[in-house]
Structure formats: C-alpha cells, structure tokens
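Mapping of the sequence shown onto this note's numbering: position 148 corresponds to residue 179, and the numbering continues sequentially without gaps. This report refers to the structure that appears directly beneath it.
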Amino acid sequence: MPSLRPLDWRGASTALLLAAMWGGNPVAVKVGLADAPPLRLALFRFVLGALAILAYAWWTRHRSVFAVGPGEWRVLISLGVIFSIQIGTMNVGIGLTSAAHGAVLLNSYAVHAVVLAHFMIPGDRLTPAKLGGVLIAYAGIVLLFAREFSFHSATLVGDLIVAGSAVLLGERVVYMAKAVQRLDPIKLLVFQSAIGSACFLLASLLFE
C-alpha cells in the first residue's frame, strides 16, 4: 500500500471548500423533503450523481472504471451498501428533526473519522493533539444539545438517526481513504452511485 502523503495547502483548501459545501447538505435535504419522501429523494440524488460521474468518466476516457478485477467486488459492494444506508438514514433523520440539529450532528462525522482512522488505517494514529481535538469536539456537541435535551423532545428520534448516519459517514470516509490506495476513485464513485440507485429504487417502490 502506498505511504500516506502529508497534507499540503492545496489539499487542505480543497477539503475546507468541500466541508463548507457539505455543511449546506442538511438544509438542502430539508428543503427537498417538502416535495419528495426521503427514499425517493435519495434515489434522485444517486441517479443525478451517477449521470454526472458517468459523464465525467466518458469525458476523461476512464473506460476502465467498468472493469472489475479479482477481489474488487467486496470493496465496491461494501462501500455502495454503507453509502446507501448512510444517505437513507440521513434523509429519514433530517425529516424528523430540524435542519440546525441535522447540520451539527451530521458534520460530527469528521470527528468520528479521526477516531476510526486510528483503528482502520495504518500510520494514521490518534496523537495527543488529535485526541484533544476529538474530546473538545465531542464536548461541544454535548454542550449544544444538553440545554434542550428531553426524552420527550419531538426531535429526539430524528437526532439519534442522524447521529447514527454521521457514524456511518465517518466509517465510509475512512474506508474510502483505504480503497483509493488501490482502486480508481472514479470507479468507486460509479459503483457507489449504481448500487445506491438500485437500492433506493427498490426501497422507494416497497416503502413509499
């Protein structure tokens, strides 16, 4: 497996930009849920994503993304299933809570990823500085919700579902980081989109 590269300013800038864009995701989902049920909304998301990725693969001549080698199916299917469950629970959870709660809880995935990477990626250790940051982040989340916490809260179920989705997202980020060391990132995206589209088409027809 290739060694991990240090984070340079371009990588950090790109990560910050993507994080800022991702921060608006719960709000966009909340708006979308006004016109479509959660599983169908996820289907639309995956289909549009698949079309965009396929167009990019065709434009950049990534024809090899459709060829699956020995031992690759397990990784591709695992990522596709994790991604599908994560998006499904996110949409359902955000429908049962506020956009603000959803944004805070969902974006805790970054903290979960730091912890999970310690156990799943060789060399990505949880240093004292990282551990301190993780503890501060978790404490901040607890403080934000502690004042209005109630077992009778109308948003409690949604909050718990989104919190679970955030853990799955953290796991997917770490698993993806391992997978891109040996698989084409475009191939990973193509198969995640294809598997997700199939899963949500079936789920939407059965349950909505």
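Each residue gets a CB set at the ideal place from its N, CA and C atoms; glycine is no exception. Computed from a prediction, not measured in an experiment: that's the story for all the values here.
CA-to-CA distance, residue j to residue i, given in whole angstroms
i: TRP53; j: GLY133; result: 12 Å
i: VAL204; j: ALA67; result: 27 Å
i: ASP39; j: SER235; result: 42 Å
i: SER224; j: LEU48; result: 22 Å
i: GLU280; j: LEU85; result: Limits of the chain in this structure are 32 at one end and 239 at the other, which puts residue 280 out of reach.
i: GLU239; j: PHE114; result: 20 Å
i: MET32; j: TYR206; result: Unreliable placement is indicated for MET32, whose pLDDT of 47 sits below 50; the coordinate value is still reported in the next sentence. Their Cα atoms are separated by approximately 14 Å.
i: THR45; j: PRO37; result: 14 Å
i: LEU82; j: GLY163; result: 41 Å
i: SER184; j: TRP90; result: 49 Å
i: GLY55; j: LEU237; result: 29 Å
Test item: CB-CB of residue i and residue j under 8 Å
i: MET121; j: SER196; result: yes
i: GLY201; j: LEU147; result: yes
i: LYS61; j: ILE125; result: yes
i: LEU107; j: THR186; result: no
i: VAL221; j: ALA88; result: yes
i: HIS149; j: VAL198; result: no
i: PRO69; j: ALA130; result: no
i: PHE77; j: PHE231; result: yes
i: ILE172; j: VAL123; result: no
N-terminal and C-terminal residue of the alpha helix (DSSP H) that residue i is part of
i: LEU70; result: 69–90
i: ALA59; result: 56–63
i: ASP190; result: 187–210
i: THR120; result: 103–126
i: ALA98; result: It is not in any alpha helix (DSSP H) - ALA98 carries neither H nor E in the DSSP assignment.
i: LEU38; result: No alpha helix (DSSP H) holds LEU38; DSSP gives it neither H nor E.
i: PHE150; result: 140–151
i: SER224; result: 216–238
i: GLY176; result: Before going further, note that residue 176 is Phe rather than Gly in the sequence given. Start and end: 159–177.
i: HIS183; result: Careful: HIS183 lies outside any alpha helix (DSSP H) and carries neither H nor E.
Buried versus exposed call for residue i [16 or more other C-beta atoms within 10 Å across all chains shown]
i: ARG94; result: exposed
i: SER181; result: exposed
i: GLY111; result: buried
i: PHE193; result: Before going on, a small fix: residue 193 reads as Val here, not Phe. With 16 or more other Cβ atoms within 10 Å, it is buried.
i: ARG71; result: buried
i: GLY100; result: exposed
CB contact below 8 Å: residue i versus chain D
i: VAL173; result: No chain D is part of this structure, which consists of one protein chain only.
- Message: Whether or not the stretch 157–176 and the stretch 209–226 are in contact is what I'm after, with contact meaning three or more pairs of Cβ atoms, one per stretch, closer than 8 Å; do they touch?
- Response: no
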